[in-house]
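Here is the structure we will look at, set down as structure tokens.
2 protein chains.
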Amino acid sequence: MTKTYARLTPLADSLPATVPFVGPETQERSRGHAFAARLGANENTFGPSPKAIAAMSNAATDVWMYGDPENFDLRHALAAHHGIAPENILVGEGIDGILGYLGRLLIEPGDKVVTSQGAYPTFNYHVAGFGGVLGTVPYIDDHEDPNALIAKAAEVGAKLVYIANPDNPMGTWHSADTIQRMIDAVPDGCLLVLDEAYIEFAPEGTAPTLNIEDPRVIRMRTFSKAYGMAGARVGYAIAQAELITAFNKIRNHFGMCRISQAGALAALDDQPYLAEVVQNVAGARARIDQIARDNGLSTLPSATNFVAVDCGRDAGFAKAVLDQLIALDVFVRMPFAPPQNRCIRISAGRPDELDIFASALPKALAAARV
Amino acid sequence: MTKTYARLTPLADSLPATVPFVGPETQERSRGHAFAARLGANENTFGPSPKAIAAMSNAATDVWMYGDPENFDLRHALAAHHGIAPENILVGEGIDGILGYLGRLLIEPGDKVVTSQGAYPTFNYHVAGFGGVLGTVPYIDDHEDPNALIAKAAEVGAKLVYIANPDNPMGTWHSADTIQRMIDAVPDGCLLVLDEAYIEFAPEGTAPTLNIEDPRVIRMRTFSKAYGMAGARVGYAIAQAELITAFNKIRNHFGMCRISQAGALAALDDQPYLAEVVQNVAGARARIDQIARDNGLSTLPSATNFVAVDCGRDAGFAKAVLDQLIALDVFVRMPFAPPQNRCIRISAGRPDELDIFASALPKALAAARV
Numbered sequence: 001m002t003k004t005y006a007r008l009t010p011l012a013d014s015l016p017a018t019v020p021f022v023g024p025e026t027q028e029r030s031r032g033h034a035f036a037a038r039l040g041a042n043e044n045t046f047g048p049s050p051k052a053i054a055a056m057s058n059a060a061t062d063v064w065m066y067g068d069p070e071n072f073d074l075r076h077a078l079a080a081h082h083g084i085a086p087e088n089i090l091v092g093e094g095i096d097g098i099l100g101y102l103g104r105l106l107i108e109p110g111d112k113v114v115t116s117q118g119a120y121p122t123f124n125y126h127v128a129g130f131g132g133v134l135g136t137v138p139y140i141d142d143h144e145d146p147n148a149l150i151a152k153a154a155e156v157g158a159k160l161v162y163i164a165n166p167d168n169p170m171g172t173w174h175s176a177d178t179i180q181r182m183i184d185a186v187p188d189g190c191l192l193v194l195d196e197a198y199i200e201f202a203p204e205g206t207a208p209t210l211n212i213e214d215p216r217v218i219r220m221r222t223f224s225k226a227y228g229m230a231g232a233r234v235g236y237a238i239a240q241a242e243l244i245t246a247f248n249k250i251r252n253h254f255g256m257c258r259i260s261q262a263g264a265l266a267a268l269d270d271q272p273y274l275a276e277v278v279q280n281v282a283g284a285r286a287r288i289d290q291i292a293r294d295n296g297l298s299t300l301p302s303a304t305n306f307v308a309v310d311c312g313r314d315a316g317f318a319k320a321v322l323d324q325l326i327a328l329d330v331f332v333r334m335p336f337a338p339p340q341n342r343c344i345r346i347s348a349g350r351p352d353e354l355d356i357f358a359s360a361l362p363k364a365l366a367a368a369r370v
Numbered sequence: 001m002t003k004t005y006a007r008l009t010p011l012a013d014s015l016p017a018t019v020p021f022v023g024p025e026t027q028e029r030s031r032g033h034a035f036a037a038r039l040g041a042n043e044n045t046f047g048p049s050p051k052a053i054a055a056m057s058n059a060a061t062d063v064w065m066y067g068d069p070e071n072f073d074l075r076h077a078l079a080a081h082h083g084i085a086p087e088n089i090l091v092g093e094g095i096d097g098i099l100g101y102l103g104r105l106l107i108e109p110g111d112k113v114v115t116s117q118g119a120y121p122t123f124n125y126h127v128a129g130f131g132g133v134l135g136t137v138p139y140i141d142d143h144e145d146p147n148a149l150i151a152k153a154a155e156v157g158a159k160l161v162y163i164a165n166p167d168n169p170m171g172t173w174h175s176a177d178t179i180q181r182m183i184d185a186v187p188d189g190c191l192l193v194l195d196e197a198y199i200e201f202a203p204e205g206t207a208p209t210l211n212i213e214d215p216r217v218i219r220m221r222t223f224s225k226a227y228g229m230a231g232a233r234v235g236y237a238i239a240q241a242e243l244i245t246a247f248n249k250i251r252n253h254f255g256m257c258r259i260s261q262a263g264a265l266a267a268l269d270d271q272p273y274l275a276e277v278v279q280n281v282a283g284a285r286a287r288i289d290q291i292a293r294d295n296g297l298s299t300l301p302s303a304t305n306f307v308a309v310d311c312g313r314d315a316g317f318a319k320a321v322l323d324q325l326i327a328l329d330v331f332v333r334m335p336f337a338p339p340q341n342r343c344i345r346i347s348a349g350r351p352d353e354l355d356i357f358a359s360a361l362p363k364a365l366a367a368a369r370v
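Residue numbers (UniProt numbering), protein chains in the order written: chain A, 1 to 370; chain B, 1 to 370.
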């Protein structure tokens, strides 16, 4: 008889060894060469503030020290920035890390969770990882559907309901009023996860007023997108103090990279640079729209640093275009669920990268049309 | 009736909001000024290789990109370094992060886990965080007791049994032969967590041969100690491929800081610098021993980058000495459990820091003796 030493929990045993996304490096290794334009992961190719780069560079010398487990300086700077109290802010290892902690706090096997069909896979990954049962509602006109999400959450007695505003992967968004109505309609026993990873790119009037007394919502923000620091792994959550404190029961207190803490602090402090990036990204969105129209395609309006390009046919065609782009060294991704998967998703990159995309797209379309 | 929106799991609800360690920054904030010598967290004050610092500094520019979720380059470099396959290596957010993942994979409420009374609190934190029931055995002659640990694991039907070799907080160690006998005695249904965070400081013959086919043990290594990169959060585990793969079910795939990945790769590549640090740390240990003896105290032999100084009386006295040292701006910690808490634990820091310790210790002892 073979002996067993690592006895996984029944839940862990039942999970697939999976990954929400295949990284571009993995694709590069299997292709044998690098991408010419990295436009698939909604990374901010304009990069972080030079002040943040300098701060990280300087912090490298101090990396023999653990980071401050309280993230004191960053939480206080964020509190000042948002005009709220530090007790309402959790700093964690990216929104991904915080979603994992949130799942662990709230979800046990059989608990119900609601999201949109085709929304953020990493949220779904964590829900499944704690045994949650995911209910989904479809997008409506390429937007997440707040009413349907709330109705479904009430129907199944969900512990969590998730929405991203602006949305990923479509880039569409709702007004602050619509989202506030959604918050107001959250059923008793349910917490709304409002993922605002892309909020800095969105027009004024997209984010509801921060109300730290509201127990119905936890809001997720990040330094990965507008601040251009995806690789640093710094996200934060805003919620009622009682919920924020609960994370201290389970989080990896010494989990934050000290260099990343320093970088985020400096990035936050450089709001003029942020404004410049937001402007550059808006320019890149317009450029992607122009490139699409030059090729007879249309785009969806976007309040993010990416644009969904409607390839005008079915998912198979969009996938063929995507495969051709990748073969032409342009890293892009596409939505997972129909009918959104008629689109491909292009990050709002630098002009030189969009030149490469502009040159590759007609070739990719021609090849896909064969 | 007050409505409830965030329904914590019964387990999460039952956990205290706690932290395994209070960070030195927290103490500095409450004191109102900084420590003069940071000798409490076994950080490597000699710092990382200049090549690692340069690599992190350079990587700051690329931080707009997510890190490679497969940690491909680092896993392959570690595999070459250890002469094993990359499939047997998990890279994670420090040993702390990996211990959290391991707990999640194996522990559900009521599961039994065994460790030494007074051993690594963060391991205990994660076990409790998943509802595990911790059984402990005492140290024997200031060493962890492999036989007692195994006997206890068998007695309670433990899923995990933990030992650190060399040990923290005492710095003592067992030979590879003793640890191999422990591995050979692991009961069916139990996994040995062999925490080798300090192994690079230990004499030859402390680490058993790596046997990646052995399903009875998972070994933890880190860049936080000898490699001097505590703030970067890079640890790794070595185990049978099947167990390593299981982490892919639940880990935060995009959780690693890209800068830290680059730093670890460069640090690993600079083995001459590592050898130099190990030598410097040995010198610092000897110096701490001399300082202790100059003050009529003795030390425990250590195979780590810290030294347990036996204050020669009870825990209350050791605590008084520690408090006095902290009042004199020397950050130190002490073991938690009797009789080990008759000692204080001093990190093997730079000569300038040990000068400060040497000057503070007689004053602290005099004040504590009052």
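Quick reminder that beta carbons are idealized off the backbone N, C-alpha and C, glycines included.
**Q.** Residue closest to Y227 of chain A, alpha-carbon to alpha-carbon, out of A:R29, A:A36, A:A52
**A.** The sequence position of residue 227 of chain A within the first sequence is 227, counting from 1. It is A:A52.
Q: Go through the segment 16-87 of chain A residue by residue and report every complete run of the alpha helix (DSSP H) that reaches 4 residues or more, in order.
A: 24-31, 50-59, 72-82
Q) Contact between the segment 111-119 of chain A and the segment 253-265 of chain A: three or more CB pairs below 8 Å? A) Below 8 Å, too few C-beta pairs join the segment 111-119 of chain A and the segment 253-265 of chain A to call them touching: fewer than three.
Q: Drop a sphere of 10 angstroms on the beta-carbon of R369 of chain A, count the other beta-carbons inside from all chains shown, and report buried for 16 or more, exposed for fewer.
A: Here the question's residue 369 of chain A lines up with position 369 in the first sequence. The residue in question, R369 of chain A, is exposed, as its Cβ has fewer than 16 Cβ neighbours within 10 Å.
(Q) List, in chain order, every chain A residue whose beta-carbon is nearer than 8 Å to that of residue 387 of chain B. (A) Outside the displayed span of chain B (1 to 370) sits residue 387 of chain B, for which this structure offers no information.
Q | 8 Å contact criterion, which L191 of chain A and K159 of chain A should meet: CB distance rounded | A | Numbered from its first residue, the first sequence carries residue 191 of chain A at position 191. Numbered from its first residue, the first sequence carries residue 159 of chain A at position 159. Confirmed, Cβ separation roughly 7 Å.
Q: Return the chain-ordered list of same chain residues with a C-beta closer than 6 Å to the C-beta of V234 of chain B, the five sequence neighbours on each side being excluded.
A: Looking up residue 234 of chain B in the second sequence gives position 234. Around V234 of chain B: F223, S260, A264.
(Q) Just verifying my parser: in three-state terms, what is the DSSP assignment at L116 of chain A? (A) Counted from its first residue, the first sequence places residue 116 of chain A at position 116. Strictly speaking, residue 116 of chain A in this sequence is Ser, with Leu absent from that position. Secondary structure of S116 of chain A (DSSP, three-state): strand.
Q) N71 of chain A to Q290 of chain B, Cα distance in whole Å? A) The residue you call residue 71 of chain A lines up with position 71 of the first sequence. The residue you call residue 290 of chain B lines up with position 290 of the second sequence. Roughly 37 Å separates the two Cα atoms.
(Q) Counting only Cβ pairs nearer than 9 Å, list the residues of chain B close to S298 of chain A. (A) Translated into positions along the first sequence, residue 298 of chain A becomes position 298. Simply none; closest approach about 28 Å.
Q | Cut-off 7 Å between Cβ atoms - residues of its own chain near R251 of chain B, not counting five sequence neighbours on either side | A | The residue you call residue 251 of chain B lines up with position 251 of the second sequence. Excluding residues within five positions, the ones whose Cβ falls inside 7 Å are G92, Y101.
Q. If you drop the 5 nearest sequence neighbours on each side, which residues of the same chain put their C-beta closer than 8 Å to that of T4 of chain A?
A. If you number the first sequence from 1, residue 4 of chain A lands on position 4. Correct list: empty, nothing qualifies.
Q | Helix, strand or coil at V127 of chain A according to DSSP, with G and I counted as helix | A | The count along the first sequence starts at 1 and reaches residue 127 of chain A at position 127. Of the three classes helix, strand and coil, the one that applies to V127 of chain A here is helix, per DSSP.
(Q) Quick check on this structure: which residue in A:L149, A:L134, A:A202 has the alpha carbon closest to the alpha carbon of A282 of chain A? (A) Within the first sequence, residue 282 of chain A is the residue found at index 282, counting from 1. Closest by alpha carbon: A:A202.
Q: Rounded to whole angstroms, what's the CA-CA distance from M1 of chain A to G189 of chain B? Just pull it up for me.
A: As a first step, residue 1 of chain A must be located in the first sequence, where it is residue number 1. As a first step, residue 189 of chain B must be located in the second sequence, where it is residue number 189. Below a pLDDT of 50, predicted positions are generally treated as unreliable, and M1 of chain A, at 48, falls in that range; no measurement from the model is reported.
Q) DSSP state of S359 of chain B, grouped into three classes? A) Mapped onto the second sequence, residue 359 of chain B falls at position 359. In this structure, S359 of chain B counts as helix in the three-state DSSP scheme.
Q) So is S347 of chain B buried or exposed if we call it buried at 16+ other beta carbons inside 10 Å? A) Here the question's residue 347 of chain B lines up with position 347 in the second sequence. That one is buried.
Q: Just grab the DSSP bridge partners of M220 of chain A for me.
A: In the first sequence, counting from the first residue as 1, residue 220 of chain A sits at position 220. According to DSSP, which records beta bridges pairwise, M220 of chain A is partnered with A:D195, A:A237.
Q: Check whether the Cβ atoms of A239 of chain A and R221 of chain A lie closer than 8 Å to each other.
A: Within the first sequence, the letter at position 239 stands for residue 239 of chain A. Within the first sequence, the letter at position 221 stands for residue 221 of chain A. Cβ atoms of A239 of chain A and R221 of chain A: not closer than 8 Å.
**Q.** Exposure of T172 of chain A, with buried meaning 16 or more beta-carbon neighbours within 10 Å
**A.** Residue mapping note: residue 172 of chain A aligns to position 172 of the first sequence, counting from 1. T172 of chain A should be labelled buried.
Q.
At the level of alpha carbons, what is the spacing between H143 of chain A and N124 of chain A?
A. The residue labelled residue 143 of chain A in the question sits at position 143 within the first sequence. The residue labelled residue 124 of chain A in the question sits at position 124 within the first sequence. The alpha-carbon atoms of H143 of chain A and N124 of chain A are separated by roughly 18 Å.
(Q) Which residue marks the beginning of the beta strand (DSSP E) containing A167 of chain A, and which one marks its end? (A) As a first step, residue 167 of chain A must be located in the first sequence, where it is residue number 167. The sequence shown places Asp at residue 167 of chain A, not Ala. Run containing D167 of chain A: none; DSSP gives neither H nor E here.
Q: Would you mind reading off the limits of the beta strand (DSSP E) that contains V307 of chain B?
A: Position 307 of the second sequence, counted from the first residue, corresponds to residue 307 of chain B. Taken as a continuous stretch (DSSP letters only), the beta strand (DSSP E) holding V307 of chain B covers 306-310.
Q | T115 of chain A at chain B interface by Cβ criterion, 8 Å | A | The residue given as residue 115 of chain A occupies position 115 in the first sequence. No, T115 of chain A lies away from the interface with chain B (no Cβ there is under 8 Å from its Cβ).
Q: Round the Cβ separation of residue 372 of chain A and T122 of chain A to the nearest angstrom and send it over; I've been treating them as touching at under 8 Å.
A: With chain A covering only 1 through 370, there is no way to say anything about residue 372 of chain A.
Q) Taking 8 Å as the CB-CB cut-off, is E108 of chain A touching chain B? A) The count along the first sequence starts at 1 and reaches residue 108 of chain A at position 108. It does: the Cβ of E108 of chain A has a partner Cβ on chain B nearer than 8 Å.
Q. Who are the near neighbours of R75 of chain A in its chain, counting only those whose CB is closer than 7 Å to its CB and skipping five residues on each side?
A. What you label residue 75 of chain A is simply residue 75 of the first sequence in a count that begins at 1. Hits under 7 Å: P86, I89, V91.
Q: Would you mind stating whether Q117 of chain B and A337 of chain B have Cβ atoms separated by less than 8 Å?
A: As a working note, residue 117 of chain B is residue 117 in the second sequence. As a working note, residue 337 of chain B is residue 337 in the second sequence. In contact: Q117 of chain B and A337 of chain B (Cβ atoms closer than 8 Å).
Q. Got a sec? Which residues, its chain only, sit under 6 Å from Q324 of chain B by beta carbon, not counting five neighbours each side?
A. Within the second sequence, numbered from 1, the residue matching residue 324 of chain B stands at position 324. Cβ neighbours of Q324 of chain B beyond the five flanking positions: A364, A367, A368.
Q) D96 of chain B: buried (16+ other C-beta within 10 angstroms of its C-beta) or exposed? A) As a working mapping, residue 96 of chain B is identified with position 96 in the second sequence. Flag for D96 of chain B reads buried.
Q | T178 of chain B - containing beta strand (DSSP E), residue span | A | Translated into the one-based positions of the second sequence, residue 178 of chain B becomes position 178. Element bounds for T178 of chain B: not the beta strand (DSSP E) but the alpha helix (DSSP H), 176-184.
Q: Using alpha carbons as the reference points, say which of B:D310, B:G94, B:A286, B:A308 lies closest to P351 of chain B.
A: Within the second sequence, numbered from 1, the residue matching residue 351 of chain B stands at position 351. For P351 of chain B, the nearest C-alpha among the options comes from B:A286.
Q. So, helix, strand or coil for I344 of chain A, using DSSP?
A. For this step, residue 344 of chain A is matched to residue 344 along the first sequence. Strand, per DSSP.
Q) Going by alpha carbons, who is nearest to L149 of chain B out of B:V127, B:A185, B:E276? A) Counted from its first residue, the second sequence places residue 149 of chain B at position 149. When each option's Cα is compared against that of L149 of chain B, the closest is B:A185.
Q: Throw me the rounded Cβ distance for the N168 of chain A and Y198 of chain A pair, which I believe falls under 8 Å.
A: The sequence position of residue 168 of chain A within the first sequence is 168, counting from 1. The sequence position of residue 198 of chain A within the first sequence is 198, counting from 1. N168 of chain A to Y198 of chain A, Cβ: 7 Å. Contact.
Q) Are the CB atoms of L39 of chain B and V332 of chain B nearer to each other than 8 Å? A) Within the second sequence, numbered from 1, the residue matching residue 39 of chain B stands at position 39. Within the second sequence, numbered from 1, the residue matching residue 332 of chain B stands at position 332. A contact, by the Cβ cut-off of 8 Å.
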